[in-house]
Structures are given as C-alpha cells and as structure tokens.
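**Student:**
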Amino acid sequence: MPRWDFRPHGTIVDEETFACVTELETRQAARLQYAVSMLTVFRNRAGSILTSEEAAEQLAEVISSLVRDTDVIHVVPGGGAVRVLLVGGELEDLRAIIQRIIAEVSLYMFEGASTLVVKIGGACYPATAGNSQELLRQADTLAEEARREASGASTYRLSERAGA
C-alpha cells in the first residue's frame, strides 16, 4: 500500500499570481475578519557561485517546506528576495514563523555557498497595514532595514501594530 506524505508546504508561484492572490486574500480577510501576513526574505550574496535568482529559488524551496499549503511564495525577479504570503498569519505568530525559517536556513547547506544569512521583514493585515499594497511595502521596507544592519547574523524586523 502506498504511503502518503501529508506534510504541509507552501506553493511557489509567479509574480502575477502572487500579486493577484495577495489582493484577493486581503479583500477576503477584510470580509471574513482574519489576518494575512507577508514576509520579505533577503539572502546574503557573499560566497555564492549561484546567481541571485538561483539562490532565491533554493531559498523558496526551503521556506515552502516550513509554511502551510495555504501559503503562497514568490521569488522576486532579479532581486534575490523571496516573498511569503501567510494566509491566516496573525502578527503575534510572525516572530515564531520567522525564527523557524532562520533556524532551518542556518542548517541547510545551499549549493555553492556556506551557511546562508537572511534578513527578513514582516507585516500583517489588518494589524499593521490597511491594504495589500501597504502590506507589501511594509514587508519590503522592514526587510531592507534589516539588510542594512552590519550584523553577519540572520535578523528580522516586524511592523508594529497600528496605533501602538
């Protein structure tokens, strides 16, 4: 009898699909009153023989095994970044999700590089963002802030709850 693998995993999609799903999920979250979160994950570039996009694709594969099958992942073209849409992801859950990603990535040996260092930004609708564009902008901005740190370790920045 075949053995089934029910391990949850996120789906990696193209840019257009990611944008569409993000918009639709944000609208549905407003109607049904649940949260949608986004992570932007930048990887370090040092020591890799892979292109930014190849390394980002490997990173997306690792992340896909750490999130649920309702979550959507997108490799940003030319940027070496990965975006993750966490459907039902509450702001309070982001820290644990990010720490799980950092822990797994630190154990994974990427082709052509030593241990990978990631810089992550996270935001949540409706807790910190009012719409899908703001959600994306906040996650990208916070990831860029984490990236500018001089630290050689994986770090992250989260958006604060609106009104806090």
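First residue of the sequence shown: 175, per the working numbering; consecutive thereafter. Just so you know, even glycine gets a beta-carbon here, dropped at the ideal spot from N, CA and C.
By how many angstroms is the C-alpha of residue 297 removed from the C-alpha of residue 310?
**Tutor:** Spanning the two alpha carbons is a distance of roughly 8 Å.
**Student:** Three or more C-beta pairs closer than 8 Å, one from the region 237-251 and one from the region 182-195: is that the case here?
**Tutor:** Yes, the region 237-251 touches the region 182-195.
**Student:** Going by DSSP, which residues form a beta bridge with residue 332?
**Tutor:** Paired residue(s): 296.
**Student:** Output yes or no for whether 7 Å exceeds the beta carbon distance between residue 323 and residue 315.
**Tutor:** No. Outside cutoff.
**Student:** Less than 7 Å separating the beta-carbons of residue 216 and residue 331?
**Tutor:** The answer is no: Cβ separation not under 7 Å.
**Student:** Mapping the DSSP letters down to three states, classify residue 327 as helix, strand or coil.
**Tutor:** Three-state DSSP puts residue 327 in coil, outside helix and strand.
**Student:** I'd like the list of long-range same chain contacts for residue 301, defined as Cβ closer than 7 Å, with 5 residues on each side in sequence excluded.
**Tutor:** Excluding positions up to five away in sequence, the list reads 209, 265, 335 and 336.
**Student:** Using a threshold of 7 Å, state whether the C-beta atoms of residue 240 and residue 278 are closer than that.
**Tutor:** Yes, the Cβ-Cβ distance between residue 240 and residue 278 is below 7 Å.
**Student:** Report, in whole angstroms, the separation of the C-beta atoms of residue 304 and residue 238, which I expect to be a contact under 8 Å.
**Tutor:** Residue 304 to residue 238, Cβ: 28 Å. No contact.
**Student:** Please classify residue 268 as buried or exposed, where buried requires at least 16 neighbouring CB atoms within 10 angstroms.
**Tutor:** Classification of residue 268: buried, given that the 10 Å Cβ count is 16 or more.
**Student:** Excluding five sequence neighbours on each side, which residues of the same chain lie with their C-beta closer than 7 Å to the C-beta of residue 280?
**Tutor:** Excluding sequence neighbours, residue 280 sits near 289 and 328.
**Student:** Report yes if the C-beta distance between residue 246 and residue 292 is below 7 Å; otherwise report no.
**Tutor:** Contact flag unset, no.
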